[in-house]
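Student:
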Amino acid sequence: GVAHLTRRTALQPEIEPREMLDEIVVMYSMDLEDTEKHLSLTLPSKDPLIGKADPAKISRVFENLISNAINYTNPQAEITVKAWKEGEHLSVENQKVHIEISDNGIGIPEQDIPRIFDRFYRAHNSGVNIKGTGLGLSIVKLICDKHDATINVRSKLGEGTTFEIIMPAT
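The sequence shown lines up with residues 31 to 200 when you count with the numbering used here.
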């Protein structure tokens, strides 16, 4: 049953990443229709996924990471977006919502990983023909920090990169 309803405050809007991710994935999938790149979304079938976040800002995070994955991958890219909840059995303040964006692209050189969130930083192998100032990830990190969300990166050169955002559930 419902123990107690949390008061929604302007400071802590709630998001339902399921709908947001669905819209973003549909939007980018349309862009990819004439390419061999493939974008897929995996969501839990029943769990409500509700996180504390500003919808406009957090959707920028997802869009940024997905568009990066599209831009920095080979023509046959597989990009997967997954969301799930951790700590089902715990009280809600200890639960976390995870959103993971993975690609099978060029990967990030190991020595670059600690610096990819720096402003204007670009990985050594990002190529000269890729548009963008390198602002994207520093903004992503900033937004995550403001939301008490953690962003983790796992990457292997030539195999791909996974960004994982972990935010407080509500």
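In this text, a Cβ means the ideal position worked out from N, Cα and C, and glycines have one as well.
1) Buried or exposed: ALA99, going by 16 or more other Cβ atoms within 10 Å of its Cβ?
2) Based on Cα-Cα distance, which residue from PHE92, ILE80 and ASP64 lies nearest to LEU51?
3) Just to confirm, is the Cβ distance from VAL111 to LEU62 under 7 angstroms?
4) Taking 7 angstroms as the threshold (C-beta atoms), are ASP133 and THR103 in contact?
5) Rounded to a whole number of angstroms, what is the C-alpha to C-alpha distance between PRO78 and ARG48?
6) Counting only runs that start and end within the segment 94-152, where is the beta strand (DSSP E) found for 3 or more residues in a row?
7) With PHE193 and LYS171 assumed to form a contact (beta carbons below 8 angstroms), what rounded beta-carbon distance in angstroms separates them?
8) Within 10 angstroms of its Cβ, does HIS177 collect 16 or more other Cβ (buried), or is it exposed?
9) Bridge partners of THR191, per DSSP?
10) Which residue wins for smallest C-alpha separation from PRO144, given the options VAL183, GLY166 and ILE80?
11) Looking at the structure shown, is LEU62 part of a helix, part of a strand, or coil, going by DSSP?
Tutor: With the given structure in hand:
1) buried
2) PHE92
3) no
4) yes
5) 8 angstroms
6) 108-116 and 126-133
7) Contact doesn't hold; Cβ gap of about 10 angstroms is too wide.
8) buried
9) ASP133 and SER185
10) VAL183
11) coil
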